[in-house]
Amino acid sequence: MGLAVGATATAAGALALGRLVRRAADLRPAMGTVPAEFRSPVWYLLHRPYDPAPPRRGTLGERLAAGLARPGLGRPTTVPGTAGAAGAADVPVVVYDPPGRTAPSGALVWIHGGGMILGAAWVDHALCNRLATELGLLVVSVDYRLAPEHPFPAGPDDCYAALAWVHAHAQELGVDPGRVGVAGASAGGGLAATVAQMAHDRGLPLAFQGLVYPMLDDRTALRDDHGTRGAIAWTPEKNRDAWAWYLGHPVREDEARPYAAPARRADLAGLAPAWVGVGEADLFLDEDVDYARRLEAAGVPVELVTVPGMPHAADMVRGIRPAAAFRDSLVAAVGRGLAPRPS
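Note that the sequence shown covers residues 1 to 343 in full-length UniProt numbering.
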């Protein structure tokens with residue numbers, strides 16, 4: 001029995017090592033496209049070779065990660081979903097309410113990344129803890145529905161429902177409705193931009209939008225002039241498939257549905273003040289810089305932060321100093337954007 005268990009463990013270890021070796025070989029050329037300070041070995045652990053199949057739900061890794069006890073704040077609850085054909089009965093969220101928060105405080109609705117097809121609210125647990133405790137904010141992280149099972153408009157509807165819930169319950173939550181913002185990373189940044197547009201159009205006050213290397217423009221998937229951008233973490237192939245699953249059809253020039261891709265909106269006037277951040281090795285560089293410039297041209301206060309050589313989602317990898325400074329810039333911007341207003 002002991003020999004059998006030992007043999008099984010040895011075989012499993014060899015299989016895992018083989019996968020890691022294949023990942024390293026697959027990623028090594030891409031690693032050569034970014035500066036040395038961004039070449040963390042963590043990329044090899046995170047890397048997955050391109051797979052055109054839709055993501056699998058409920059994998060062992062997902063179940064184990066979801067069940068982990070996480071230090072700090074974070075209280076799971078649900079909020080009412082948006083009525084309508086794509087509306088959910090309720091939307092899972094995680095509420096971060098730091099001890100000693102001075103009410104009424106600011107509040108931030110945070111939206112996780114994952115290409116509209118992956119991820120969960122717990123992915124950004126550490127950042128949400130930091131935003132809540134360091135800035136004295138109520139933070140609500142949204143576990144929105146994912147494509148391809150739930151294509152547009154399910155994701156934006158769920159995220160807007162969380163924002164509407166914060167406003168509807170501002171008094172009991174101890175929140176100043178004039179100091180409510182929305183932010184997110186990658187797909188979450190794109191959804192944050194969409195929610196900011198929805199809030200403007202529906203008359204819901206919004207003080208700030210934080211767009212962290214946001215996924216804004218489906219038309220990037222129609223281009224083939226990316227050079228070495230997108231070689232690490234989020235590639236052109238992944239982007240093309242994710243947009244198709246999210247939209248419910250392959251990307252095309254004539255997408256006309258409002259809010260389907262926030263960069264397609266023609267009139268950006270009146271939107272909430274924005275912080276937009278992206279690395280210069282990120283596939284989303286052009287669309288993010290263009291959106292920031294269009295916001296500015298429309299009279300929206302905007303801070304644009306670009307980091308030379310930084311690939312997508314590098315701020316999630318510990319030990320990369322320029323990426324840590326990038327995240328610090330975001331936290332500072334949230335603090336300024338949701339600070340008390342002069343009376």
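All C-beta atoms, glycine included, are put in the ideal place defined by N, C-alpha and C.
Per DSSP, the continuous beta strand (DSSP E) segment holding W110 begins and ends at 105-111. Under the criterion of beta carbons closer than 8 Å, V139 and W165 do not qualify as touching, at roughly 13 Å.
For A242, the CB contacts under 7 Å within the same chain, skipping 5 residues up- and downstream, are G115, M116, I117 in chain order. Residue nearest to P76 within the set R202, D90, V94, T82 is V94 (criterion: CA-CA distance).
For A274, the uninterrupted beta strand (DSSP E) segment begins and ends at 274-279. Cβ-Cβ distances below 6 Å link Y144 to G155, D158, C159 in the same chain, with the five nearest sequence neighbours on each side left out; the list follows chain order. L295 places its beta carbon 7 Å or farther from that of P262. Annotation: F326 is outside any beta strand (DSSP E); the continuous alpha helix (DSSP H) that includes it extends over 321-337. Each of L222, R229, D124, F152 was checked against the Cα of T194, and the nearest Cα belongs to F152.
Under a 10 Å Cβ-count criterion, L247 is classified as buried, with 16 or more other Cβ atoms of the shown protein chains found around its own Cβ.
Going by DSSP, A183 is part of the beta strand (DSSP E) stretching over 175-185.
Per DSSP, the continuous beta strand (DSSP E) segment holding D90 begins and ends at 90-96. In this structure, the CA atom of V175 is about 29 Å from the CA atom of A324. For T133, the uninterrupted alpha helix (DSSP H) run begins and ends at 125-135, by DSSP. A Cβ-Cβ separation of about 12 Å leaves G277 out of contact with H312 under the 8 Å criterion.
Contact fails between the region 197-206 and the region 221-229, because fewer than three Cβ pairs, one in each stretch, are under 8 Å apart.
For G189, the closest alpha carbon among the candidates A292, G309, H169 is that of A292. Annotated as distal: P236 and D288, with beta-carbon spacing of 7 Å or more. Within 10 angstroms of the beta-carbon of G299 lie fewer than 16 other beta-carbons, which makes it exposed. DSSP places V289 inside the alpha helix (DSSP H), whose first and last residues are 285-297.
Boundaries of the alpha helix (DSSP H) harbouring G155: 154-168, taken from the DSSP string.
Non-local C-beta neighbours of A196 in its own chain, meaning closer than 7 Å and more than five positions away in sequence, comprise V182, L206, Q209, L271, A272, ordered along the chain. Cβ neighbours of P52 within its own chain (closer than 8 Å, five residues either side excluded): E237, D241.
Proximity to P340 across G100, G136, H112, D315 peaks at G136, based on C-alpha coordinates. The alpha-carbon of A103 is positioned some 10 Å away from that of E172. The criterion of a C-beta distance shorter than 7 Å is not satisfied by V305 and P322. In the DSSP assignment, E303 is bridged to W275. Across the set G72, T78, G81, G119, the C-alpha of G72 shows the shortest separation from the C-alpha of P99.
R252 and A221 have their C-alpha atoms spaced approximately 9 Å apart. Within the DSSP secondary-structure output, T78 pairs in a beta bridge with P92. Contact annotation: G113 and A185 have beta-carbon atoms nearer than 7 Å. The beta carbon of R130 lies closer than 8 Å to those of V331 in the same chain, with the five residues before and after it left out. When DSSP states are grouped into helix, strand and coil, V195 belongs to the helix group.
Straight through space, the alpha carbons of A162 and T82 are spaced by roughly 9 Å.
Your pair W275 and A333 checks out as a contact, with CB atoms roughly 4 Å apart and the cut at 8 Å.
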